[in-house]
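Working notes for the structure below.
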Amino acid sequence: MNWLDHLPILPVVLPLIAGIVLLVLRGRSLAVQRGVSLAAALALIPLAIALVQTAADGTHLVYQLGNWVAPYGIVLVVDRLAAWMLLTTALLAVFALLYAIRGSDTQGRHFHVLFQLQLFGLNGAFLTGDLFNLFVFFEILLLASYGLLLHGGGRQQVKAGLHFVVINLVGSTLFLFAVGTLYGATGTLNMADLAVKLAATPPDNLALVQSAGLLLFAVFALKAALLPLYLWLPAAYAHTSAPVAALFAIMTKVGAYSILRVYTLMFGDTAGPVANLLDPWLAPLALATLTLGMLGVVASTTLRQQAAYLVVASIGSLLLAFGLGSPDAIAAGLYYLPHSVFAAAALFLLADSISRARGEFADRFESGPEMPGARVLGGLFFAAAVAIAGLPPLSGFLGKFMLLKAALDSPLMPWVWSIVLVTGLLSMIALARSGSLLFYRTHSPHDAASLTPPSMAALAPVGGLLLLVAGLVIWAGPLSDYAHATATQLLQPQQYIEAVLSAAPRPPEGRAPAWGTPAGSPLLGSDPSAASGGVPLAGAKP
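One point on numbering: in the numbering used here, the residue at position 532 of the sequence shown is 517, and numbering is uninterrupted.
Here's what the structure looks like:
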């Protein structure tokens, strides 16, 4: 057995170890802490790429902690979706950290420790195979986010942070209620095992299970900032530091990921009496979120606030794709997801550089002094605006085109087309107005010395994120193929269930390891229910 056998757990272990090392080194020079943190973040990229390549052929990597088999032990599962989320997070983290080490990390204590713990929680949430550990990783990433949100202090940060903490504590309590209810009804929290047992829900437990499922949806909707649970986000994202806001661009996607994972695996087409639990709710709420989020974009008074509302609008577009439920629609959402993350993160970082360059006018939408480096900042703002508004030739246009095409066969087609197109027009108008106020309606500065010109160290991460957006177009063919394959895999949960429940313990040294088994593995033998405690696997004959 070698270190490659442990590849699925490395994205979780690496940031955890880095966080512990950074805590030990807290008295050392900041340069050492920056080096350790950046090295750990960079190392996540090749790990994520390796997992994407491994999962691309449909393989499910099942890692059993302590060598305890499912559903009794803790499992980490890598499939196409988990690998996709890990790679998106790793790329985002590097550019957010590169921006932070130019000075933002000096505004408070333990920035790099909290940053690594945030990555630990994010990666764990994407990899875990059971609901209780999803709750645990949610709490880890939320605890780290509390510290990052308040990093540097400030009255507005503390006020926004207090709202963020209180609302998420309520969400955590509801999460525990939902998990406890499901455990009481089924006797398991392993998601693959839950998928089997929920499909055989007896009539007297049906209302209880449905209530727990909808309560889980409320929790994930809160994390994703879905209407009407999005009010915490604009203030929190607008008043925290730029690199933290950039990293937080992936936070709402954790809620969206959880909705997609749980409700295709546990409450999907094969879930019997609790099948398709969210069909009446998800798409309409996503349309409403997209609409109100875009109205917030139009009404924003600062660029950071506008970027925060654009995150709300993007979650509406993303969950609309997931809510339509077809393979093409889910694929559109998966392609759009990294685009929305990178574009929003770039705008948060750019807003900070613009704020510094405008002095006392900061990023407010009002006539201010002509900025030093206005041409470079204006060019980056134009590229970010084109990306976020979904204009060709960037990936936002392709993602929305895929979504509109997928909606042609949906009963909601008139609503989807009208709202997506109108909100796209509103985003163009709002961003054009913002650019005009920031870059064209200017006057000569009274005190040019008070204006801070942008540095290459600050602009390089912005440019890097925008290059990632461009890369989504350059490699649109293979990436959209991967997204379609991921959507198809999600809508066929039997493969995930069999891989988890039939995974054998790792053998002793000197023998070939077994991370998991493909669909139809002979390890299930003639009785596929044996791995799930005697309950037949969904779609399998008892």
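Cβ atoms here follow ideal geometry from the backbone N, Cα and C, with glycine treated the same way. Given the structure is predicted, the values throughout are model-derived calculations rather than measurements.
Residues that DSSP places opposite residue i in a beta bridge
{"i": "His550", "result": "This structure cannot speak to residue 550, because the chain is shown only from -14 to 527."}
{"i": "Leu334", "result": "None; Leu334 has no bridge partner."}
{"i": "Val48", "result": "Per the sequence shown, the amino acid found at residue 48 is Tyr instead of Val. Answer by DSSP bridge pairing, in chain order: Leu61."}
{"i": "Asn190", "result": "According to DSSP, Asn190 bridges with nothing at all."}
{"i": "Asn175", "result": "Asp115"}
{"i": "Arg19", "result": "In DSSP, Arg19 forms no bridge with anything."}
{"i": "Thr287", "result": "Arg349"}
Residues near residue i by beta carbon distance below 7 Å, same chain, minus five either side
{"i": "Ala268", "result": "Leu305, Gly308, Leu309, Leu397"}
{"i": "Leu1", "result": "Phe105"}
{"i": "Leu450", "result": "Phe80, Phe327, Ala330, Ala331"}
{"i": "Leu(-5)", "result": "Leu32"}
{"i": "Asn190", "result": "Ala170"}
{"i": "Ala220", "result": "Ala145, His148"}
{"i": "Tyr242", "result": "Met70, Phe111"}
{"i": "Ala3", "result": "Val21, Ser22, Ala25, Gln101"}
{"i": "Gly342", "result": "One point to set straight first is that residue 342 is Ala, not Gly, in the sequence displayed. For Ala342, where only same-chain residues beyond five positions count, the Cβ hits under 7 Å are Met356, Pro357, Gly358, Leu362, Leu436, Thr437, Pro438, Pro439."}
{"i": "Gly281", "result": "Pro219, Tyr294, Val297"}
Expected contact under 8 Å - CB spacing of residue i and residue j to nearest Å
{"i": "Leu218", "j": "Val296", "result": "7 Å"}
{"i": "Gly301", "j": "Gly278", "result": "5 Å"}
{"i": "Ala180", "j": "Met251", "result": "5 Å"}
{"i": "Ile482", "j": "Ala260", "result": "About 15 Å separates the two Cβ atoms, so there is no contact after all."}
{"i": "Ala372", "j": "Val454", "result": "5 Å"}
{"i": "Ala317", "j": "Gly384", "result": "6 Å"}
{"i": "Leu245", "j": "Ala203", "result": "16 Å between Cβ atoms; not a contact."}
{"i": "Pro382", "j": "Leu376", "result": "Note that residue 382 corresponds to Phe in the displayed sequence, not to Pro. Correct: roughly 6 Å between the Cβ atoms."}
{"i": "Arg65", "j": "Ala41", "result": "7 Å"}
Straight-line Cα distance separating residue j from residue i
{"i": "Gln18", "j": "Ala234", "result": "24 Å"}
{"i": "Thr471", "j": "Thr249", "result": "12 Å"}
{"i": "Ile5", "j": "His(-9)", "result": "20 Å"}
{"i": "Thr74", "j": "Ala24", "result": "15 Å"}
{"i": "Gln480", "j": "Val239", "result": "23 Å"}
{"i": "Ser311", "j": "Leu379", "result": "24 Å"}
{"i": "Leu416", "j": "Gly20", "result": "37 Å"}
{"i": "Val361", "j": "Gly420", "result": "13 Å"}
{"i": "Ala78", "j": "Ala16", "result": "18 Å"}
{"i": "Asn118", "j": "Ala314", "result": "29 Å"}
{"i": "Ser338", "j": "Leu365", "result": "11 Å"}
{"i": "Thr39", "j": "Leu126", "result": "26 Å"}
{"i": "Leu10", "j": "Gly93", "result": "16 Å"}
{"i": "Ala370", "j": "Pro187", "result": "52 Å"}
{"i": "Thr427", "j": "Pro354", "result": "5 Å"}
{"i": "Leu410", "j": "Leu322", "result": "20 Å"}
{"i": "Gln477", "j": "Gln195", "result": "22 Å"}
{"i": "Ala163", "j": "Val98", "result": "31 Å"}
{"i": "Ser89", "j": "Gln142", "result": "15 Å"}
{"i": "Tyr168", "j": "Leu452", "result": "45 Å"}
{"i": "Ala535", "j": "Ala445", "result": "No information on residue 535 is available, as it lies outside the stretch -14 to 527 that the chain covers here."}
{"i": "Met441", "j": "Glu351", "result": "26 Å"}
{"i": "Tyr131", "j": "Phe123", "result": "12 Å"}
{"i": "Leu(-1)", "j": "Phe424", "result": "43 Å"}
{"i": "Asp264", "j": "Phe205", "result": "15 Å"}
{"i": "Leu389", "j": "Gly12", "result": "54 Å"}
{"i": "Ala197", "j": "Thr255", "result": "18 Å"}
{"i": "Ala504", "j": "Gln474", "result": "Low confidence applies to Ala504: its pLDDT is 40, below 50, so where it sits in the model is not reliable, and the reading given next is rough at best. Their backbone Cα atoms lie some 11 Å apart in a straight line."}
{"i": "Thr225", "j": "Arg140", "result": "11 Å"}
{"i": "Pro213", "j": "Leu270", "result": "8 Å"}
{"i": "Asp466", "j": "Trp460", "result": "10 Å"}
9 Å Cβ cutoff, residue i in contact with chain D
{"i": "Trp69", "result": "Absent from the structure is chain D; it holds one protein chain and no more."}
Own chain, CB closer than 8 Å to residue i, minus 5 neighbours either side, in chain order
{"i": "Tyr222", "result": "Ala230, Phe233, Arg289, Ala292, Ala293, Val296, Phe333"}
{"i": "Leu50", "result": "Ile(-6), Gly58, Ile59, Val60, Leu61"}
{"i": "Val(-3)", "result": "Leu61, Phe105, Asn108, Gly109, Leu112"}
{"i": "Phe120", "result": "Ser157, Phe160, Leu161, Val164"}
{"i": "Ala391", "result": "Ala306, Leu309, Ser311, Asp313, Ala314, Ala316, Ala317"}
{"i": "Ile34", "result": "Leu72"}
Same chain, Cβ closer than 6 Å to residue i, five either side skipped, listed in chain order
{"i": "Thr287", "result": "Asp348, Arg349"}
{"i": "Leu319", "result": "Ala468, Thr471"}
{"i": "Met413", "result": "Ala374"}
{"i": "Val37", "result": "Ala68, Leu72"}
{"i": "Ala227", "result": "Phe333, Leu334, Asp337"}
{"i": "Ile152", "result": "Trp217"}
{"i": "Ser299", "result": "Ser325"}
{"i": "Thr166", "result": "Ala197"}
**Message:** For the segment 205 to 212 against the segment 272 to 282, do three or more pairs of beta-carbon atoms, one drawn from each stretch, fall closer than 8 Å, so that the two count as touching?
**Reply:** yes
**Request:** Taking 8 Å as the threshold, find out whether the segment 384 to 404 comes into contact with the segment 335 to 350 through three or more Cβ pairs.
**Result:** no
**Item:** Inter-stretch contact at 8 Å, needing at least 3 Cβ pairs: the segment 27 to 46 / the segment 84 to 91
**Value:** no
**Asked** Can you find at least 3 beta carbon pairs, one from the segment 157 to 177 and one from the segment 52 to 60, that sit closer than 8 Å?
**Response** yes
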